[in-house]
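J.: Residue numbers (my numbering), protein chains in the order written: chain C, 5 to 133; chain W, 5 to 133. Backbone N, C-alpha and C define an ideal beta-carbon position, used for all residues, glycine too. Got a structure here, written out as structure tokens. Questions coming.
2 protein chains.
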Amino acid sequence: MSGTNTGVPSLVDAPLAERVPVSEYAACPVTGLLHRLGDKWSLVTLVLLGGRPHRFNELHQRIEGVSQRMLTRTLRALESDGLVRRTVHPTVPPSVEYALTSPGQALLGPLSQVADWAVEHRTDARPTL
Amino acid sequence: MSGTNTGVPSLVDAPLAERVPVSEYAACPVTGLLHRLGDKWSLVTLVLLGGRPHRFNELHQRIEGVSQRMLTRTLRALESDGLVRRTVHPTVPPSVEYALTSPGQALLGPLSQVADWAVEHRTDARPTL
DNA sequence: CAGGATCCCCAAAGATACTG
DNA sequence: CAGTATCTTTGGGGATCCTG
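Okay, here's the thing in structure tokens:
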């Protein structure tokens, strides 16, 4: 129940030092990932790409309210995190396809667990976004 | 987001509309939760409290670099999200105990799945610190 | 079509000092 | 001990215009 035992200590049973040094969580990939996914557009983008690959303008149209700039930044970030693959087709006019990588696809499963928790426990304590 | 909870991953097969309205993700509890957990101190705090309850100054000392202000804000936020319970013992001097709620405890499991993914795929694309 | 370049805003992070 | 109060800084996010 407490994480798939990959040899790496999971969050639940992590034997933490008495004093947790900055380096431990400053470069923590988990916090980093959550930070990335917690921004305004990453999750929606990820879910849409989870359905099928999309072109830039497709995403731009399907995600209401996102600016080109933010969509670009979001996609670039997801790409550099290894979640999304960007494929440029050298046509005229250019066509760029965005799709989940298989790690990206694999993330949706665990993420859904968290999502289920969130939905179940209604984390609606925040007024606006 | 389509959170019919049958144990089946909700994010992967979410039947999304052709155009995703702002309201769908603006108030999305999942994004909200990820946003909260993605800040600088929440995850460390959560993990420490996952080990055992702590008093304020205990946390302040164990989490290197956190200011009193940020620790307070972090704890208050986690509390209002229903993850942490704050118990004041009316002694002199005052003593306040922070502990995970059972939903909070329950979140660590799913979160560990994500953590495993993050560790496995080394999301180290960030330069700073 | 798919962005890059700029400018601006403001909510949130952080440091420091003080207190019931 | 467990916080507030105040100030300053950071950077996420948006608007707009421009281009290979």
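Okay, do the region 56-68 of chain W and the region 90-104 of chain C touch, 3+ Cβ pairs below 8 Å being the bar?
T.: Contact between the region 56-68 of chain W and the region 90-104 of chain C is absent, because fewer than three Cβ pairs lie under 8 Å.
J.: Which residues of chain W have a Cβ atom closer than 8 Å to the Cβ of C:Gln65, listed in chain order?
T.: If you number the first sequence from 1, residue 65 of chain C lands on position 61. Here the neighbours are Arg23.
J.: Counting only beta-carbon separations shorter than 7 Å, does W:Gly69 have a partner in chain C?
T.: Counting from 1 along the second sequence, the entry for residue 69 of chain W is found at position 65. Answer yes: the Cβ-Cβ gap between W:Gly69 and chain C drops below 7 Å somewhere.
J.: Using a Cβ-Cβ cut-off of 7 Å, state whether W:Val118 counts as contacting chain C.
T.: Along the second sequence, read from residue 1 onward, the residue named residue 118 of chain W stands at position 114. It does; some Cβ of chain C falls within 7 Å.
J.: When you compare the CB positions of W:Val34 and C:Ala122, do they come within less than 7 Å of one another, or not?
T.: If you number the second sequence from 1, residue 34 of chain W lands on position 30. If you number the first sequence from 1, residue 122 of chain C lands on position 118. Contact flag set, yes.
J.: If we define contact as Cβ-Cβ less than 7 Å, is C:Ala122 a contact residue for chain W?
T.: Position 118 of the first sequence, counted from the start, is the residue given in the question as residue 122 of chain C. Taking Cβ atoms only, chain W reaches closer than 7 Å to C:Ala122, which makes this a yes.
J.: Starting from W:Ala103 and walking both ways along the alpha helix (DSSP H), at which residues does that stretch end?
T.: Here residue 103 of chain W refers to the residue found at position 99 of the second sequence. Here W:Ala103 belongs to no alpha helix (DSSP H); instead the beta strand (DSSP E) covers 99-104.
J.: With a threshold of 16 other CB atoms inside 10 Å of the CB of C:Pro94, please say whether the residue is buried or exposed.
T.: Counted from its first residue, the first sequence places residue 94 of chain C at position 90. Under this definition C:Pro94 is an exposed residue.
J.: Of all the beta strand (DSSP E) runs that stay within the bounds of the region 48-86 of chain C, which reach a length of 3 or more residues?
T.: Runs of the beta strand (DSSP E) inside the region 48-86 of chain C: none found.
J.: Taking 7 Å as the CB-CB cut-off, is W:Leu107 touching chain C?
T.: Against the second sequence, residue 107 of chain W aligns to sequence position 103. Note that residue 107 of chain W corresponds to Pro in the displayed sequence, not to Leu. So yes, W:Pro107 belongs to the interface.
J.: Which residues of chain W have a Cβ atom closer than 7 Å to the Cβ of C:His93, listed in chain order?
T.: Within the first sequence, numbered from 1, the residue matching residue 93 of chain C stands at position 89. Correct list: empty, because the minimum Cβ distance to chain W is about 23 Å.
J.: Pick out whichever of W:Met74, W:Ser27, W:Leu115 has its Cα sitting closest to the Cα of C:Gly69.
T.: Residue 69 of chain C sits at position 65 when you count from the first residue of the first sequence. Closest by alpha carbon: W:Ser27.
J.: Let me confirm a value: W:Val88 is counted as buried when at least 16 other C-beta atoms fall within 10 Å, else exposed. Which label applies?
T.: The residue given as residue 88 of chain W occupies position 84 in the second sequence. So W:Val88 counts as buried.
J.: How many Å lie between C:Pro107 and C:Val51 at the Cα?
T.: Within the first sequence, residue 107 of chain C is the residue found at index 103, counting from 1. Within the first sequence, residue 51 of chain C is the residue found at index 47, counting from 1. Taking the straight line joining both Cα atoms gives about 14 Å.
J.: Using the C-alpha atoms, what's the distance from C:Ala81 back to C:Cys32?
T.: Here the question's residue 32 of chain C lines up with position 28 in the first sequence. Here the question's residue 81 of chain C lines up with position 77 in the first sequence. Roughly 17 Å separates the two Cα atoms.
J.: Which bits of chain W does C:Ala110 rub up against, with CB to CB less than 7 Å?
T.: Start at 1 with the first residue of the first sequence, and residue 110 of chain C comes out as number 106. Simply Trp121.
J.: Examine chain C for any beta-carbon lying closer than 7 Å to the beta-carbon of W:Pro57, and answer yes or no.
T.: Here residue 57 of chain W is taken as the residue at index 53 of the second sequence, counted from 1. Not an interface residue.
J.: Strictly below 8 Å CB to CB, what residues from chain W border C:Val96?
T.: Residue 96 of chain C sits at position 92 when you count from the first residue of the first sequence. Here the premise fails: no neighbours, minimum Cβ distance about 28 Å.
J.: Please work out which residues of its chain come closer than 8 Å, Cβ to Cβ, to W:Ile67, disregarding the five sequence neighbours upstream and downstream, and give them in chain order.
T.: For the purposes of this step, residue 67 of chain W is taken as the residue at position 63 of the second sequence. So the list reads Trp45, Val48, Thr49, Leu52, Leu75, once near-sequence residues are dropped.
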